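Numbering (full-length UniProt numbering), first residue to last: 1 to 938. Note that the Cβ used here is the ideal one computed from N, Cα and C, for glycine as well. Computed from a predicted model, the values in this text were never measured in an experiment. In what follows, a single structure is set out as structure tokens and then discussed.
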């Protein structure tokens with residue numbers, strides 16, 4: 001046997017090979033792979049010869065898109081090319097076969113609809129989304145995809161698209177949001193332009209319209225970019241100018257799915273005119289634009305922000321970005337780089353071409369606006385010596401500023417510490433005021449209950465009607481004209497009496513009386529005081545004929561209304577400038593006397609007693625009339641006076657509470673009040689007729705007085721004697737003894753309360769001024785620039801802020817609040833019928849307003865307020881001695897004045913705007929006045 005052996009092998013058995021790989025591996029020269037089977041053939045190039053290394057077997061290499069939504073059709077297979085064949089190529093999905101196309105790049109086919117696929121079980125009833133296998137069939141041969149499967153996902157969905165407008169040149173990015181967007185192969189944006197309906201549709205003209213205006217004038221498309229599964233970015237396609245007046249329809253094409261913009265956008269899509277930008281150097285565009293480093297470049301144009309925002313605009317200077325800061329309709333502002341950028345995409349050249357170009361990109365639009373040249377900063381020609389001097393000066397100024405700042409900070413910290421101290425002091429003060437109010441109100445109520453029990457026996461000291469009328473008709477007169485006898489010689493008495501009778505007859509003539517009054521008022525020398533006096537005399541003369549008196553008042557009032565209607569009707573009855581206004585006051589006083597006694601008298605008397613008791617509990621300056629407890633800030637004692645309460649026993653062993661800082665006269669007043677508290681003031685002995693005697697033991701008797709040889713004199717000031725001065729102890733026994741000549745030696749200059757500061761003439765020493773608690777010129781009524789932490793000379797303690805003492809007003813108000821409310825309720829109560837006189841007069845005012853065509857309700861209300869509250873109640877509230885037999889004082893009158901003003905404010909319609917400069921008296925009752933106004937309205 002040789003090394004060469006002939007072996008018999010079978011050839012041309014091509015059908016035994018079932019796939020391309022086995023067919024070619026056999027190396028049979030008569031067999032070759034033709035498309036999908038191993039065949040015997042003689043035509044060259046008809047199949048893949050096994051010995052040709054450039055030919056390879058056809059196989060499925062990969063899927064171009066192995067993820068597809070259920071509603072999309074796409075190409076999925078890429079493979080090796082093969083020889084031409086007439087056999088049909090198809091792709092097999094589970095239970096579905098789709099035709100395929102053979103190309104030089106591979107096999108292309110469309111995916112079937114997911115509805116034709118069998119459901120894939122997921123444990124929830126099955127779903128057609130998921131993984132599916134793929135098979136390629138060629139003739140009778142099949143090839144399976146190995147290693148991976150084909151995925152079906154839910155359909156992509158668009159939920160939002162914005163913005164809703166673009167300019168004609170397009171390129172604006174439309175942001176499309178949704179789900180499963182990353183499975184789309186070719187997302188597109190299509191814009192369809194169609195004519196607007198300018199004519200109403202008619203049946204016979206429809207063909208004509210369709211013939212001349214096709215349904216779609218133009219269609220434009222742009223390809224979108226898939227950013228993520230939830231975002232696609234679509235640039236708007238460029239359109240022609242016909243888009244401005246055409247109907248614009250926008251659709252998003254996601255392979256075989258279409259979405260209308262109107263269903264996902266906030267508003268219909270529209271096209272706007274293209275923006276226009278002007279050259280930087282409009283005067284000479286060939287010259288570069290000079291830019292100063294650090295400044296902003298401003299570009300002018302038109303329609304800049306109609307379809308574009310500043311975030312979408314790109315501005316470049318060469319290869320440097322110019323950051324767009326603001327975009328308006330006609331201006332673009334951008335911040336260029338600090339250093340001049342280089343020329344974009346070019347080598348550096350000389351001349352103008354070496355300067356960077358300023359370009360702006362807005363969508364598809366690119367604007368070249370000219371070249372930019374940065375201004376170079378010239379070197380300073382300032383001398384070195386001057387620079388050094390400026391530096392030294394600046395250092396000195398900086399040092400001074402630093403010192404000032406340090407001093408300011410130190411002062412600020414000190415001021416803050418003082419402020420916190422004052423704040424703590426105010427908080428403690430508020431707490432003490434609240435506690436003081438509760439305690440003093442309790443003490444006052446206890447005292448008033450004791451006084452009420454005393455009134456059961458003695459009753460309220462009302463004046464009789466005659467005295468009441470005299471004090472109202474003739475206030476301030478020591479002796480009433482009604483009590484005077486006819487002081488004429490006996491020989492003329494008959495003639496005078498006859499003349500008075502004739503005058504009385506004339507006064508009973510209405511015509512004479514009205515003319516008489518008008519004639520008197522015309523006289524220039526007829527003063528307001530004379531008018532009031534004449535009105536009171538006429539009231540006395542006509543008192544017995546009240547109907548006639550009322551008729552005269554009505555006639556004069558009608559004349560007064562006519563007089564004020566021509567000027568300012570709101571000013572009528574505001575002042576007592578005419579006889580009729582005083583007549584009205586007297587008429588109201590006559591008619592309301594019974595109502596005053598039966599309804600409001602008791603509440604008014606209790607308020608008066610509460611005020612007097614509360615004021616007497618604290619120090620009261622006998623010279624200035626200022627008190628610690630008051631409602632009137634002008635009468636407030638703004639000084640800390642050290643005092644203590646003493647119990648003095650009289651011979652009746654009934655203690656009387658006084659203060660050791662009281663003058664002797666004040667002590668006598670309090671003792672008289674305690675001793676004769678059930679007796680009217682007119683029935684009590686006069687205070688000047690009694691001495692205060694301090695009794696210590698059997699023989700130790702001492703007469704006390706305001707002034708004597710022991711009084712303290714400092715220069716021109718003499719201080720009134722107090723119990724402190726005499727060192728009277730608590731529990732001492734005193735007595736009030738009648739004056740006589742024996743004990744009247746040193747009392748010739750006793751100070752009378754209520755009078756102004758007396759001046760005692762002395763030939764050697766000059767005038768001597770009296771003072772009690774504080775000297776009139778040294779009282780702590782400091783000017784504004786001295787208020788605060790002002791310190792006394794000689795290292796004395798700092799004076800407290802004067803405004804702190806205003807809390808005493810709040811304390812007094814809270815203590816008296818119940819009594820004020822009771823009085824206002826008694827006056828304004830609707831539980832009892834309105835007095836007939838008030839109703840009659842108010843009806844008369846309404847009638848006068850109607851006759852003179854005055855329809856303003858505010859004017860009528862002012863008339864009624866000026867007639868009843870102002871002319872009667874205010875007069876009574878300020879003068880309790882008009883209705884009661886009591887003693888009044890300046891400090892009590894000051895409190896009543898504030899209450900009377902509060903009552904007047906409650907009766908007015910106008911709202912009182914209060915501020916930091918408003919009177920303190922009005923601020924006290926600012927919260928209560930609205931409640932009182934409601935009582936007035938009812």
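Kindly indicate which three-state DSSP category residue 796 falls into: helix, strand or coil?
Bear in mind that the predicted position of residue 796 carries a pLDDT of just 38, short of 50, making it unreliable; the figure below should be weighed with that in mind. Correct three-state label for residue 796: coil.
Taking just the CA atoms, how far does residue 393 sit from residue 321?
42 Å
Rounding to the nearest angstrom, what Cα-Cα distance links residue 863 and residue 826 in this structure?
22 Å
Closest residue to residue 367 among 590, 359, 891 (Cα-Cα distance):
359
What's the C-alpha gap between residue 66 and residue 133?
Here residue 66 scores only 48 on pLDDT, less than 50, and its place in the model should not be relied on; the value that follows carries that caveat. Going from the Cα of residue 66 to the Cα of residue 133 covers about 10 Å.
Where does residue 342 fall in DSSP's three states?
coil
Min CB distance residue 683 to chain B below 8 Å:
Among the chains of the structure shown, chain B does not appear; only one protein chain is present.
Give every residue of the same chain whose Cβ lies closer than 8 Å to the Cβ of residue 555, excluding the five residues on either side of it in the sequence, and list them in chain order.
510, 514
Just the Cα atoms here: how many angstroms apart are residue 107 and residue 34?
16 Å
Less than 8 Å separating the beta-carbons of residue 178 and residue 364?
no
When you compare only the Cα positions, how much space is there between residue 285 and residue 338?
24 Å
Rounded to a whole number of angstroms, what is the C-alpha to C-alpha distance between residue 196 and residue 240?
16 Å
Output needed for residue 900: all residues of its chain with C-beta closer than 6 Å, excluding positions within five of it in sequence on either side, in chain order.
874, 877, 878
With distances taken between CB atoms, is the gap from residue 885 to residue 682 smaller than 8 Å?
yes
If you run the structure through DSSP and keep just helix, strand and coil, what is residue 568?
coil
Three-pair Cβ contact test at 8 Å for the stretch 157 to 171 versus the stretch 265 to 279
yes
One question on the structure: do residue 244 and residue 280 come within less than 8 Å of each other, judged by their Cβ atoms?
no
Roughly how many angstroms separate the alpha carbons of residue 709 and residue 723, rounded to a whole number?
15 Å
Please say whether residue 429 and residue 807 have beta carbons closer to each other than 8 Å?
yes
By a C-beta neighbour count over all protein chains shown, 10 Å radius and 16 as the cutoff for buried, is residue 632 buried or exposed?
buried
What residues are listed by DSSP as bridge partners for residue 258?
253
First and last residue of the alpha helix (DSSP H) that includes residue 612?
601 to 616
Quick check on residue 718: does DSSP put it in helix, strand or coil?
strand
N-terminal and C-terminal residue of the alpha helix (DSSP H) that residue 586 is part of:
579 to 591
Is the beta carbon of residue 686 less than 8 Å from the beta carbon of residue 695?
no
Residue 38 bridges to which residues according to DSSP?
33
Between residue 818 and residue 924, is the Cβ-Cβ spacing less than 8 Å?
no
How about residue 730 and residue 647: do their beta carbons lie closer than 8 Å?
yes
Taking 8 Å as the cut-off, decide whether the C-beta atoms of residue 872 and residue 572 are in contact.
no
Rounded to whole angstroms, what's the CA-CA distance from residue 846 to residue 840? Just pull it up for me.
10 Å
Should the stretch 852 to 870 be called in touch with the stretch 620 to 637, which here means at least 3 C-beta pairs below 8 Å?
no
Please report the distance separating the alpha-carbon of residue 910 from that of residue 472.
30 Å
Between the alpha carbons of residue 100 and residue 135, how many angstroms are there, rounded?
11 Å
Determine contact between the stretch 326 to 335 and the stretch 304 to 312, defined as no fewer than three beta-carbon pairs at a distance below 8 Å.
yes
Are there three or more Cβ pairs, one per stretch, closer than 8 Å when the stretch 535 to 549 is compared with the stretch 575 to 587?
yes
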